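Undergrad:
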Amino acid sequence: MFLGRLEDIAGMGELAVNPGPLEHVLAALDPALAVELLGERVRMALNGALLGDGGGVVLTEGDELAFLPPVSGG
Amino acid sequence: MNSPSCRQSAGAEVAEVRLLGESFSAAEELAAFTAAHPEAGGIVSFLGQVRAEGGPGAVEALELKHYAAMTLPGMEALAAGTSARWSLDGLLIIHRHGLMYPGDPIVLVAAAARHRRDAFAAADFAMDHLKSQSWFWKREKTAAGWRWIEPRADDHRDLARW
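These protein sequence lines map, in sequence, to chains A and B.
Under the numbering used here, the residue at position 31 of the first sequence is numbered 24, and the numbers go up by one with no gaps.
The numbering used here runs 5 ahead of the 1-based position in the second sequence.
1) Buried or exposed: where does threonine 53 of chain A fall if 16 or more other Cβ atoms within 10 Å of its Cβ makes it buried?
2) If contact means a Cβ-Cβ distance below 8 Å, which residues of the stretch -6 to 20 of chain A contact chain B?
3) Can you find a CB in chain B that lies within less than 7 Å of the CB of valine 35 of chain A?
4) Could you please give me the residues that DSSP links to lysine 70 of chain B through a beta bridge?
5) Based on the DSSP secondary-structure assignment, which residues constitute the bridge partners of proline 14 of chain A?
6) Which one of B:Glu68, B:Gly95, B:Ile154 has the shortest CA to CA distance from alanine 127 of chain B?
7) I'd like to know whether the C-beta atoms of leucine -1 of chain A and phenylalanine 60 of chain A end up nearer to each other than 7 Å.
8) Examine chain A for any beta-carbon lying closer than 7 Å to the beta-carbon of tryptophan 5 of chain B, and answer yes or no.
9) Do we get a CB-CB distance below 7 Å when we pair glycine 41 of chain A with the residues of chain B?
10) Tell me, please, whether the CB atom of isoleucine 154 of chain B is closer than 7 Å to any CB atom in chain A?
11) What are the residues in the stretch 130 to 141 of chain B lying within 8 Å of chain A by C-beta distance?
12) Tell me, please, which residues DSSP counts as bridged to proline 78 of chain B.
13) So, under 8 Å CB-CB, threonine 87 of chain B and phenylalanine 130 of chain B are touching, yes? Tell me the CB distance rounded to an integer number of Å.
14) For leucine 61 of chain A, go through chain B and note every residue whose CB falls closer than 9 Å to its CB, in chain order.
15) Using only the alpha-carbon positions, how far apart do methionine 132 of chain B and arginine 122 of chain B sit?
16) Could you please give the first and the last residue of the uninterrupted alpha helix (DSSP H) stretch that includes arginine -2 of chain A?
17) With a threshold of 8 Å, are at least 3 pairs of Cβ atoms found where one atom belongs to the stretch 153 to 165 of chain B and the other to the stretch 89 to 109 of chain B?
18) So histidine 42 of chain B is in the alpha helix (DSSP H); what residue range does that whole segment cover?
19) Let me check understanding here. Comparing Cα to Cα, which of A:Ser65, A:Glu33, A:Val18, A:Leu26 lies closest to glutamate 57 of chain A?
20) Can you list, in chain order, the residues of its chain whose CB lies under 8 Å from that of serine 28 of chain B, leaving out five sequence neighbours each side?
21) Can we say the stretch 23 to 34 of chain A touches the stretch 29 to 44 of chain B, given the rule of at least three CB pairs closer than 8 Å?
22) Who are the Cβ neighbours of valine 114 of chain B in its own chain at under 6 Å, not counting the five residues just before and after it?
23) For alanine 148 of chain B, tell me which candidate among B:Glu65, B:Glu44, B:Ala116, B:Ala20 has the shortest Cα-Cα distance.
24) Do you know whose CA, among A:Ser65, A:Gly4, A:Pro14, A:Met5, lies nearest leucine 39 of chain A's CA?
25) For arginine 34 of chain A, name the three-state secondary structure that DSSP assigns.
Structure (structure tokens):
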């Protein structure tokens, strides 16, 4: 899932990817998009729970990984 | 309230939290909330709406994006935290997502309490956290087109008050 401005950068709100380690998933993306997703201020959430960092994350079938840019207030 | 765009929180008895995809009447919501809490001595409410401005930089439309897996659960956690921190008879949090236009309501927070200080503080606390910590992403449309809005330093300063 690409939230906020990341949706515009990705050109889509969500993308189905093959299960596997996060590094493999990111490596299969457009490098320019991957750089944005790994930006310092972008957080990640796996199935609705925030991740400390992406280290060691392995996606399994049915998992939902979200990239969350800074929130902008209501 | 069973429409797909309108889910009511379960569990918390004091708090009612809704994330709406369509407009709402702040006056009607507040009237219902007030009627539901006759025991409260004071009710404090805050309504945030889309600013209507003139000039070339005027906002023509505003869109708030949310993330279903996190936005409403986060609002419910905030409501529970607010209810736990102050002595409240009731707490109402309604927040829009989707496309809005100048004059449309965005957020309504109302806190009912036996004493006014609790109600003021709870509404203020809930608003500061909604603005700076809830999972919403905002873009605005002006004559120049759509633009994503970045967090303001003020929002973080507001949080530091608590």
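Glycine residues also receive a C-beta, built at the ideal position from the N, C-alpha and C atoms.
Predicted model only: the values in this text are computed from it and were never measured.
TA: Put simply:
1) As a first step, residue 53 of chain A is located in the first sequence; it is residue number 60 there, counting from the start. Answer is exposed; the Cβ neighbour count stays below 16.
2) Met(-6), Leu(-4), Gly(-3), Arg(-2), Glu0, Asp1
3) Taking the first sequence and counting its residues from 1, one reaches residue 35 of chain A at position 42. So, not an interface residue.
4) Counting from 1 along the second sequence, the entry for residue 70 of chain B is found at position 65. DSSP lists B:Trp142 as partners of lysine 70 of chain B.
5) As a first step, residue 14 of chain A must be located in the first sequence, where it is residue number 21. Paired residue(s): A:Val51.
6) Here residue 127 of chain B refers to the residue found at position 122 when the second sequence is read from its first residue. Of the listed residues, the one whose Cα sits closest to alanine 127 of chain B is B:Gly95.
7) Here residue -1 of chain A corresponds to residue number 6 of the first sequence, with the count starting at 1. Here residue 60 of chain A corresponds to residue number 67 of the first sequence, with the count starting at 1. Yes, Cβ-Cβ distance for leucine -1 of chain A and phenylalanine 60 of chain A is below 7 Å.
8) Past the boundaries of the shown model lies residue 5 of chain B; chain B is included only from 6 to 167, so the question cannot be answered.
9) Taking the first sequence and counting its residues from 1, the one referred to as residue 41 of chain A is at position 48. So, interface residue.
10) Reading the second sequence from its first residue, position 149 is the one you call residue 154 of chain B. Closer than 7 Å to some Cβ of chain A, the Cβ of isoleucine 154 of chain B qualifies, so yes.
11) Legend: CB atoms of the stretch 130 to 141 of chain B lying less than 8 Å from CB atoms of chain A belong to residues Leu135, Lys136, Ser137, Gln138, Ser139, Trp140, Phe141.
12) Taking the first residue of the second sequence as 1, we reach residue 78 of chain B at position 73. Paired residue(s): none; proline 78 of chain B is not in a bridge.
13) Translated into positions along the second sequence, residue 87 of chain B becomes position 82. Translated into positions along the second sequence, residue 130 of chain B becomes position 125. Threonine 87 of chain B to phenylalanine 130 of chain B, Cβ: 6 Å. Contact.
14) Stepping through the first sequence from its first residue, residue 61 of chain A is reached at position 68. Those are Tyr72, Met75, Trp140, Trp142, listed as they occur along chain B.
15) The count along the second sequence starts at 1 and reaches residue 132 of chain B at position 127. The count along the second sequence starts at 1 and reaches residue 122 of chain B at position 117. Looking at the two C-alpha atoms, the distance is approximately 15 Å.
16) Within the first sequence, the letter at position 5 stands for residue -2 of chain A. -2 to 3 is the extent of the alpha helix (DSSP H) around arginine -2 of chain A.
17) no
18) Along the second sequence, read from residue 1 onward, the residue named residue 42 of chain B stands at position 37. Unbroken run through histidine 42 of chain B: none, as it is neither H nor E.
19) Position 64 of the first sequence, counting from 1, holds the residue named residue 57 of chain A. If we check each option's Cα against that of glutamate 57 of chain A, A:Val18 comes out closest.
20) By 1-based counting over the second sequence, the position of residue 28 of chain B is 23. Closer than 8 Å at the Cβ level, and outside the excluded window around serine 28 of chain B, lie Arg101, Met105, Asp109, Pro110.
21) no
22) Translated into the one-based positions of the second sequence, residue 114 of chain B becomes position 109. Cβ within range, chain order: Phe51, Ile98, Ala128, Ala131, Met132.
23) Taking the second sequence and counting its residues from 1, the one referred to as residue 148 of chain B is at position 143. Measuring from the Cα of alanine 148 of chain B, the nearest candidate turns out to be B:Glu65.
24) Counted from its first residue, the first sequence places residue 39 of chain A at position 46. Comparing Cα positions, the closest option is A:Pro14.
25) Indexing the first sequence from 1 puts residue 34 of chain A at position 41. Coil, per DSSP.
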